[in-house]
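Chains as they are written, first to last, in my numbering: chain A, 13 to 449; chain B, 10 to 429.
Where a beta carbon is used, it is the ideal one built from N, C-alpha and C, also for glycine.
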């Protein structure tokens, strides 16, 4: 605001100078002696005008500077109002920070095992269908079934052709998976469940060959290798489109929505299939909801068609669901720790009520039992031999086995590296001993 | 739902919570003096618990029912499974870590910071290995983002299935993350950052979950995060380091992040082909459906949160979010979508974060069909179940962001329903 009057100053100074000069010319004969005075005066006025101009210039500069500051403060305030803070993203520098270290080729080789859809990344090796079946039965069948048909809720790997347009499509390697690279990559890095990363390249080729065979995609003499890999045609290779929601949905669903009289009448067409109990100990229990949609009101803009009578009040059962707090002894702590250690085993072994053989035999009553003696479990040659010798699972034997399974029992199928800590070994043997036959 | 009254399971099914709490309301409204006020109470006379009783505090015992819960029959094993955030009992927008849903493919692992390594390789000038301490030396940022599993509400494609907002909408959490922008690490290794390149990310657990992220997203807002809500990540959320992929499906938020590889094509891993793809009505499937579209749900009243107080002032409270940006508006209907009112946002919507909304009403005790409908700053309006089914059919699992309906009866009990 102070800028405008200052800008007038140079103009006023100029006027004074012009007026002074005219006055001198008009009185040349009469007041020559005044000329000196006037000249002095002109010099003075000129100097004054010049100084005023300088001042004005300086003030103008100062004003511009202040204006800039105001703009800056206003911008900052606007930013604060908009974003609520003066936050800025982390600085983006062009140079590097020099953090981390170069990765060794061995490290990259160990971790970079992904296989691309065009087969890049596949290692040397091969496997045939019949070898694949053997390996599959050993490592995979307990969850996926002998014929890759799936057990319980575990994934079905074979079949399901022509079901993708159904309400519950059966999405298997055969019916759904678009790339064979995905199968090899996943089996090799993430399977078997609880022993990921333990399959050799040849075993992986063989398992994948067997999965293809179980889907009728190759003949029984097929050998899968890096060379034959890209020859396999995947059934659903052309079954995918890239996300087209932007075209198919967003445009149509981005209009101003209706606010009033959007429908004439609304009826309840379905009620929750399951009621879900939420017990104090955690988890949930799903219970079929016995009610029907009959007897419920419909709705119009005027509200519900009627107000149903209240359901009869339930008789409250006594509030006796508090659980007694058990006194925790050292033994309990050991069992508790054992339970935790057992998580490492639980992908392949079951204990407790109704425990069944899985990838490994069920372990109820294992302590004190003859090795390799669980009915219906297909043991390795090593355990069959131990069974024949009548060797028994004592705490010492179990600890030695679990410390280094592969060296204790050469040839065991158990893909487990072993427990390093003595307290883990004590805990797991105590935990196993707590489950009777 | 106040479980300090310990209703029996049987009673809970029939909604006795309303009855139990009703009797409490009666006591408070009784004409005589309230002994809670007139009589000296133990807690007002004896001393309480000293400091350090619980060096890391847990919620008070009365709140012990506010926990994540699983539905056992949904999956084959709890090691490869999911549970649900108790969103019915939470308020505001931030999800406490201890009750934020978990999703594991091979169980949650214990990976110590000193054992943590992060490799970046592929199309880079210099493949690098970082330790955890290295990551804490890069400039870091703080952002609040929601993480929603692509399968959230997936059960409901086939109709109203599970009676509880925890179970229909609880595969979501919302936390403040601290981490290093992924682009910082890509630059550090001298990555090829052309837009036709991809970044493949993978976890250190046995599932080795891996996903391909297009370069444009990787350079945008993806974070390599090591803290959530101010403290270290929980084991179940990927301690010590997880990826945060704002607005995109939870499966891409790789936990126990161990490797970042720059590639010239999508890897087409198991989780981006056989899973997390959307089968349409004719059997073809959409892939690379990464964004979580705008969605909202009323958290109270809801099946686990009946109206216990009878007629009069009622707060309808809910959550809205969009993977495309900010929530700009939420409408609420009490009659199943015939009439809509615009709700009040608890706070201006944040980009790709949960927004709380409220409708404060005077309930006349008549039954209601409660619905909410979110809009985001792209102008997108949350669709009805019907609109979704018209587009995609019913054989999908993922990306169900339909409008949810609760039928609230005259006693205030809410139920998951579908309407015409």
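- Residue 221 (chain A) places its beta carbon 7 Å or farther from that of residue 241 (chain A).
- Listed along the chain, the chain A residues whose CB falls inside 9 Å of the CB of residue 426 (chain B) are 280, 281, 282, 283, 284, 305, 308.
- Within the stretch 209-292 of chain B, complete beta strand (DSSP E) segments of at least 3 residues are found at 219-223, 232-237, 251-253, 266-272, given in chain order.
- DSSP places residue 396 (chain B) in the uninterrupted alpha helix (DSSP H) bounded by 394-401.
- Residue 284 (chain A) counts as buried, since no fewer than 16 other beta carbons sit within 10 angstroms of its beta carbon.
- For residue 196 (chain A), there are no neighbours in chain B by C-beta distance under 9 Å, as the nearest C-beta there is about 11 Å away.
- Taking 7 Å as the threshold, the shortest C-beta distance from residue 112 (chain B) to chain A does not fall below it.
- Contact check for residue 369 (chain B) against residue 324 (chain B) passes: the beta carbons are separated by less than 7 Å.
- When 9 Å is used as the limit between beta carbons, residue 64 (chain B) is near no residue of chain A, the shortest such separation being about 19 Å.
- Below the 7 Å Cβ cutoff, chain A contributes 320 as neighbours of residue 418 (chain B), in chain order.
- Three or more beta-carbon pairs separated by less than 8 Å are not found between the stretch 236-252 of chain A and the stretch 160-169 of chain A, which leaves the two stretches without contact.
- Residues of chain A whose Cβ lies closer than 7 Å to the Cβ of residue 74 (chain B) are, in chain order, 290, 292.
- Per DSSP, the unbroken alpha helix (DSSP H) holding residue 144 (chain A) starts and ends at 141-151.
- Here residue 367 (chain B) is not near residue 159 (chain B), since their CB atoms are 7 Å or more apart.
- Only buried fits residue 377 (chain B), as 16 or more other CB atoms lie within 10 angstroms of its CB.
- Around the Cβ of residue 349 (chain B), a 10 Å sphere holds 16 or more other Cβ atoms; the residue is buried.
- When DSSP states are grouped into helix, strand and coil, residue 166 (chain A) belongs to the coil group.
- As the crow flies, the alpha-carbon of residue 410 (chain A) is around 10 Å from that of residue 383 (chain A).
- By DSSP's assignment, residue 338 (chain B) forms a beta bridge with B:384.
- Judged by beta-carbon spacing, residue 188 (chain B) lies within the 7 Å limit of residue 232 (chain B), meaning their Cβ atoms are closer than that value.
- Taking 7 Å as the CB threshold, residue 213 (chain A) stays off the interface with chain B.
- Contact annotation: the stretch 206-218 of chain A does not touch the stretch 253-260 of chain B, with fewer than three C-beta pairs closer than 8 Å.
- When the alpha-carbon of residue 228 (chain A) is set against those of A:198, A:159, A:294, the nearest one is in A:159.
- Rounded to whole angstroms, residue 187 (chain A) and residue 440 (chain A) show a C-alpha spacing of 42 Å.
- No Cβ of chain A is located within less than 7 Å of the beta carbon of residue 336 (chain B).
- Apart from sequence neighbours up to five positions away, the residues of its chain that approach residue 386 (chain A) with a beta-carbon distance below 6 Å are 373, ordered along the chain.
- Using a CB distance below 8 Å, the part of the stretch 153-170 of chain B facing chain A consists of 167, 168, 169, 170, ordered along the chain.
- Under the three-pair Cβ rule at 8 Å, the stretch 106-124 of chain B counts as touching the stretch 203-220 of chain B.
- A Cβ-Cβ separation of about 49 Å leaves residue 384 (chain B) out of contact with residue 119 (chain A) under the 8 Å criterion.
- With contacts defined as CB atoms closer than 7 Å, residue 68 (chain B) and residue 141 (chain B) fail to qualify as a contacting pair.
- Nearest to residue 390 (chain B) by alpha-carbon distance, out of B:410, B:401, B:405, B:398, is B:410.
- Taking C-beta atoms as the reference points, residue 311 (chain B) and residue 417 (chain B) fail to come closer than 7 Å.
- For residue 181 (chain B), the uninterrupted beta strand (DSSP E) segment begins and ends at 181-190.
- Contact fails between the stretch 76-88 of chain B and the stretch 224-243 of chain B, because fewer than three Cβ pairs, one in each stretch, are under 8 Å apart.
- Cα atoms of residue 65 (chain B) and residue 72 (chain B): separation of roughly 16 Å, rounded to the nearest angstrom.
- Under the three-state reduction of DSSP output, residue 416 (chain B) falls in the strand class.
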